[in-house]
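Peer 1: Handing you this structure, nothing more for now.
2 protein chains.
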Amino acid sequence: MENKKKIEVCLSPALYGNYENKEAIAVVTDVLRASSAIVAAFMNGAKKIIPVATLEEAKEMKEAGYMVAAERDGIVRDFADFGNSPFNFTAERVENHDIVYSTTNGTQAIQLASSSKQVLVGTFLNLQGVVDHLIKKNDEVLILCAGWKNKINIEDTLFAGAVVDALLKTNQFYTICDSAYIAQDLWLLAKNNLVEYIQKAAQRTRLQKNNLDDVIEYCHTLNLTSIVPVLKDDYLVKL
Amino acid sequence: MENKKKIEVCLSPALYGNYENKEAIAVVTDVLRASSAIVAAFMNGAKKIIPVATLEEAKEMKEAGYMVAAERDGIVRDFADFGNSPFNFTAERVENHDIVYSTTNGTQAIQLASSSKQVLVGTFLNLQGVVDHLIKKNDEVLILCAGWKNKINIEDTLFAGAVVDALLKTNQFYTICDSAYIAQDLWLLAKNNLVEYIQKAAQRTRLQKNNLDDVIEYCHTLNLTSIVPVLKDDYLVKL
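So the sequences go chain by chain: A and B.
Note that the first sequence covers residues 779 to 1017 in my numbering.
Note that the second sequence covers residues 779 to 1017 in my numbering.
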């Protein structure tokens, strides 16, 4: 394994203390829906996305004049301009704008990973872009799944597995992380029927209850863009 | 799902706060090696096993005259009678004895689950016995994987998946837990080549380094016994 770079997968923010690695590039994912919304926003011309962990911060930023996307448990907060669906981040709304963004799981995970060498936002929409960047940088990799309120979820695990699988194929990386192998094998099992496989995910049921499950197919579309959001100081920009 | 009983899977003790359920029967597993050693001890006639979380407690119990099994990171502690291999718990040593037992991960997980309605110790060795008991009791089920120092591991996830798979087949149970589905699908993928599949587990590498990997095949043998260890007050007995 000499010269090969280590990959680890952290399947819940509550486990992050066991994986924190200042030498690694962290890929944060929250497939349904924060990561997908962030990638969609950059596709539609957003300049910056400022992730904030708490609703209080989001509200203060709204009062300071920012455009704010904020939700909890899938529900838009009343002070916010819009919520967490990638379909909200249209070019009409976001082009050339800075957007403050706070969600149930995804934005906290970005802040949690901020001690890493670099923090990327990854999702199926920009999978290959993320993988290409990781191969080029040739650093250690930590994939942090945002999960759901510290529980592990299927969709983020699948994305982690897709990255692991692509990186291990290069022979430039290795892993001895059981979570990485679990994620990879789940991805290999599901990849040819991704949208069908995800039907059993708890988050699909939660979104469905609020009539928000229209995004599921979109959020599991591979490689719509090569844009990779990266954390710079305390906001996200295009790499 | 009316009248059906809920199954959840907690893949790491660090996530237990999200799953704790006083109405559930908890199945604690640490396949390599604490759960397997506990089951082996009862197969060989042990009367009671007293799990203690800390080495200090284990040492005090040794001084009080108990037979003590204690290890950390796979290494027997010098004050202990023996360590964590199931092969140590021979009939010559354990028959009709009470044994104090402290390990890196497994015994803490048993104590963590103690607020549950009932706490069982499960492993591949007594898989069907555990499943039969859960079906008979018809309560909610929480499978707690001991993992490795709060990281998720493959072997405990596979055991959890085997229990989930067997219970869901009965139509008496349901799950909306993503970890349960992940575990079940991993089990279905691995079950026909369990020992081969487990070769990539990090714990195999750790045991191999200390020449302790002789137990791997044994610990992945299905249904050597129908004995189910159950927590009664603060010690384990046969159900």
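Glycine residues also receive a C-beta, built at the ideal position from the N, C-alpha and C atoms.
Note that the structure is a prediction, hence the values are computed from the model and not measured.
How about B:Leu945 and B:Val909: are their beta carbons less than 8 Å apart?
Peer 2: yes
Peer 1: Counting only beta-carbon separations shorter than 8 Å, does B:Ala792 have a partner in chain A?
Peer 2: yes
Peer 1: Between the region 948-965 of chain B and chain A, which residues of the former have a C-beta closer than 8 Å to a C-beta of the latter?
Peer 2: Cβ contacts with chain A: Ile954, Cys955, Asp956, Ser957, Tyr959, Ile960, Asp963, Leu964.
Peer 1: Short of 6 Å in beta carbon distance, which residues of its chain neighbour A:Gln962, apart from the five on each side in sequence? Order them along the chain.
Peer 2: Gly939, Val942, Asp943
Peer 1: What's the gap between the Cα of A:Asn916 and the Cα of B:Asn989?
Peer 2: So the two alpha carbons sit approximately 34 Å from each other.
Peer 1: Looking at C-alpha atoms only, which residue of B:Val846, B:Gln977, B:Lys895, B:Ile960 is the closest neighbour of B:Val872?
Peer 2: Selected option, being the one with the closest Cα: B:Val846.
Peer 1: Roughly how many whole angstroms lie between the Cα atoms of A:Ile994 and B:Asn874?
Peer 2: 58 Å
Peer 1: Helix, strand or coil for B:Val809 per DSSP?
Peer 2: coil
Peer 1: Is A:Leu967 close to chain B? Criterion is C-beta to C-beta, closer than 8 Å.
Peer 2: yes
Peer 1: Where do the ends of the alpha helix (DSSP H) carrying B:Tyr975 lie?
Peer 2: 972-975
Peer 1: Within 10 angstroms of its Cβ, does B:Tyr841 collect 16 or more other Cβ (buried), or is it exposed?
Peer 2: It is worth fixing the name first, because residue 841 of chain B is Glu in this sequence and not Tyr. Flag for B:Glu841 reads exposed.
Peer 1: Would you give the residue range spanned by the alpha helix (DSSP H) that B:Val878 belongs to?
Peer 2: First-last for B:Val878: 876-880, but that is the beta strand (DSSP E), not the alpha helix (DSSP H).
Peer 1: Are the CB atoms of A:Asn883 and A:Asp808 within a distance shorter than 8 Å?
Peer 2: yes
Peer 1: Pick from B:Lys927, B:Phe937, B:Val805: whose alpha carbon is nearest that of B:Leu972?
Peer 2: For B:Leu972, the nearest C-alpha among the options comes from B:Phe937.
Peer 1: Starting from A:Tyr1013 and walking both ways along the beta strand (DSSP E), at which residues does that stretch end?
Peer 2: 1013-1016
Peer 1: So B:Ala812 contacts chain A; which residues on that side make the cut at Cβ distance below 9 Å?
Peer 2: The contacting residues do not exist; B:Ala812 stays about 17 Å from chain A at best.
Peer 1: If I follow the unbroken alpha helix (DSSP H) through A:Leu967, where does it start and stop?
Peer 2: 956-968 is the extent of the alpha helix (DSSP H) around A:Leu967.
Peer 1: Are the region 910-930 of chain B and the region 783-794 of chain B touching, with three or more C-beta to C-beta distances below 8 Å?
Peer 2: yes
Peer 1: If the cut is a Cβ gap below 7 Å, which residues of chain A does B:Leu905 touch?
Peer 2: The contacting residues do not exist; B:Leu905 stays about 20 Å from chain A at best.
Peer 1: Take A:Ile932 as the anchor and find which of B:Ile960, B:Thr953, B:Trp926, B:Leu905 has the nearest alpha-carbon.
Peer 2: B:Ile960
Peer 1: In chain A, which residues lie less than 8 Å from B:Thr935 when you measure between Cβ atoms?
Peer 2: Asp956, Ile960
Peer 1: From the beta carbon of B:Thr983, is the nearest beta carbon of chain A less than 8 Å away?
Peer 2: yes
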